[in-house]
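Structure record follows, encoded as structure tokens.
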Amino acid sequence: MGSSPSSAPVYLPDSNQERVKVLVAGPFGIGKTTMIRTLSEIPSLHTEEVMTDAAAHVDELAVPDKKTTTVAIDFGRLTIAQGRIVLYLFGTPGQRRFKPLWSDYARGALGALVIVDTRRLADSFEVIDLIEESGLDYAVAVNQFPESPEYDEETLRLKLDVEDHTPLVICDARDWDSSLNALRALSAHLVSRAGGSL
Ligand SMILES: Nc1nc2c(ncn2[C@@H]2O[C@H](COP(=O)(O)OP(=O)(O)O)[C@@H](O)[C@H]2O)c(=O)[nH]1
Ligand SMILES: [Mg+2]
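The C-terminal residue of the sequence shown carries number 197 in numbering that gives the first Met the number 0, and the numbering is unbroken.
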């Protein structure tokens with residue numbers, strides 16, 4: 000906190016800002032669009048399309064009332080660390096058919112937040128593999144749906160086969176504080192991997 004009496008946020012000059020591309024990744028219906036909508040300080044961009052009957056056979060409906068699917072990407076922006084870090088959030092689909100696009104998604108990205116649902120952890124395995132293959136550091140956010148079973152951290156790590164240093168947080172993608180906490184866990188991880196601290 001500075002000594003300024005003003006409560007308005009004070010941003011450092013642009014040259015002191017670190018701009019970071021981050022992926023918000025996960026399978027269909029996991030909460031990517033919701034999280035980016037929740038967090039973005041600018042109107043977020045989404046390329047959702049109404050699902051057709053044809054897609055219904057491809058994208059299984061774990062969320063029965065979901066009528067749209069992300070066909071390409073979501074985009075949002077979030078400034079953290081007292082204005083020092085600007086995160087550019089790219090919601091990236093985890094469906095198998097998007098695999099050819101992964102090198103483009105990953106280009107220039109520093110890390111990824113992988114969203115998982117304990118009802119269908121295996122649905123996130125492929126996206127975790129893609130992220131590991133891309134050489135990106137990541138954190139895992141468990142998006143807590145009401146019907147999702149709750150596991151302790153050790154069990155979750157075993158089931159997901161993620162290493163001890165990979166942050167694992169519980170979140171609600173509809174909730175700003177909770178989503179921010181997940182992004183902070185990722186950011187702190189990325190900064191510490193780069194040898195710094197937030
Ligand atoms: N209960 C609950 N519902 C959520 C949560 N996050 C997303 N949803 C709902 O789950 C559905 C799928 O979310 P969406 O963000 O579109 O998934 P995407 O395909 O990964 O972009 C939407 O109807 C959301 O309102 C959450 O944390 N809790
Ligand atoms: Mg979406």
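By construction, the Cβ of each residue, glycine as well, lies at the ideal position given by its N, Cα and C atoms.
Residue i beta carbon near ligand 1 (any heavy atom closer than 6 Å)
i: residue 110; result: no
i: residue 74; result: no
i: residue 33; result: yes
i: residue 122; result: no
i: residue 172; result: yes
i: residue 30; result: yes
i: residue 142; result: yes
i: residue 27; result: yes
Proximity test, residue i beta-carbon vs ligand 2 heavy atom, cut-off 6 Å
i: residue 158; result: no
Whether residue i touches residue j by CB criterion (7 Å)
i: residue 184; j: residue 138; result: yes
i: residue 172; j: residue 178; result: yes
i: residue 189; j: residue 109; result: yes
i: residue 111; j: residue 193; result: no
i: residue 114; j: residue 29; result: yes
i: residue 26; j: residue 122; result: yes
i: residue 77; j: residue 135; result: no
i: residue 90; j: residue 20; result: no
Endpoints, the beta strand (DSSP E) within which residue i is located
i: residue 183; result: Unbroken run through residue 183 is the alpha helix (DSSP H), 175-192; no beta strand (DSSP E).
i: residue 40; result: Note, residue 40: premise wrong, no beta strand (DSSP E); not H, not E.
i: residue 25; result: 17-25
Member of the options whose CA lies at the smallest distance from the CA of residue i
i: residue 92; options: 130, 160 and 83; result: 130
i: residue 117; options: 32, 151 and 78; result: 151
i: residue 16; options: 140, 24, 86 and 192; result: 86
i: residue 175; options: 40, 25, 24 and 166; result: 40
i: residue 33; options: 75, 6 and 154; result: 75
i: residue 140; options: 164, 180 and 157; result: 180
i: residue 149; options: 162, 160 and 168; result: 168
i: residue 73; options: 35, 104, 98 and 103; result: 35
i: residue 119; options: 147, 82 and 107; result: 147
i: residue 98; options: 37, 6, 132 and 84; result: 132
i: residue 155; options: 124, 145, 45 and 42; result: 124
i: residue 144; options: 166, 170, 163 and 162; result: 170
is_contact[residue i, chain B] using C-beta, thresh 7 Å
i: residue 135; result: This model lacks chain B altogether, as it is built from one protein chain only.
With a floor of 4 residues, list each alpha helix (DSSP H) that falls wholly inside the stretch 80-168, ordered by position along the chain.
101-105, 124-132 and 152-159
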